[in-house]
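For the sequence shown, the positions run 1 to 169 when the UniProt record's numbering is used.
All residues carry an ideal CB built from backbone N, CA and C; glycine is no exception.
Comments concern the structure below.
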Amino acid sequence: MVYRFRVILDAQEDVFRDIEMLQESTLEDLHNVIVQSFGFDGTEMASFYISDENWNQGEEIHQFDMSGNDTSIKLMNETTLDSVLSEDQTKLIYVYDFLKMWTFLVELAQIAEVEEGRDYPNLMFVHGQIPDNAPDKEFIGEDENQGLNGDDVFDDDNFDDFSYDDEWN
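The following block contains the structure:
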């Protein structure tokens, strides 16, 4: 079977690529096609995240194993498309370059039959040019006074609340 994806840059402008991949391809294969089709050099780290219908970020699938002895993590080169995607689970979030945070919404749009004589992966359609800089992201918790981990946001305008001695060094 062939998985047909729409990969959309999470930005104001419409920038997306339609890609076909064989179902037994790995997420590393999909990563490589995304990098190439959007014109990145492929030197930055990336991850996929399983997503729900509302694009909430779920389990991470890593590009490299930097966990030490943690055997519970999933790796792109060991994870096939058909092991994480189906007609019921169609959405992934892809993040390329963790400093710039290029973020893409990857949606399985269709599962089709293999077309004889066609090479896969196949870049079917290109729309829009990727901007020079990654779109800005706003990372705040549900409560605007809390950070991502539920911690209080640091107030850098009020140092009176700090409890430290005047003579520390």
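What's the call for residue i, buried or exposed, on a 16-neighbour Cβ count within 10 Å?
i: TRP55; result: exposed
i: VAL95; result: buried
i: ALA109; result: exposed
i: VAL126; result: exposed
i: SER25; result: buried
i: GLU13; result: exposed
i: ILE93; result: buried
i: VAL15; result: buried
What distance in whole Å lies between the Cβ atoms of residue j and residue i, which are believed to be in contact at a cut-off of 8 angstroms?
i: LEU75; j: PHE48; result: About 10 angstroms; that fails the 8 angstroms criterion.
How about residue i and residue j: do their beta carbons lie closer than 9 angstroms?
i: ARG17; j: ARG4; result: no
i: LYS100; j: ILE50; result: no
i: ASP97; j: GLU44; result: yes
i: residue 209; j: GLU78; result: Since the first residue of the chain shown is 1 and the last is 169, residue 209 is not available in this structure.
I want to see whether chain D comes within less than 9 angstroms of residue i, judged by CB atoms only; does it?
i: GLU60; result: Looking at the structure shown, chain D is missing, and only one protein chain is on hand.
Can you pull the DSSP bridge partners for residue i?
i: LYS91; result: GLU107
i: GLN36; result: None, per the DSSP bridge assignment.
i: ALA46; result: TYR96
i: GLN57; result: SER51
Between residue i and the ligand FMN, is the CB less than 8 angstroms from at least one heavy atom?
i: VAL84; result: The model on display carries no ligand, and the ligand FMN is accordingly not part of it.
### Task
Would you be able to state if there are at least three C-beta pairs under 8 angstroms between the segment 58-67 and the segment 108-120?
Contact fails: fewer than three Cβ-Cβ distances are below 8 angstroms.
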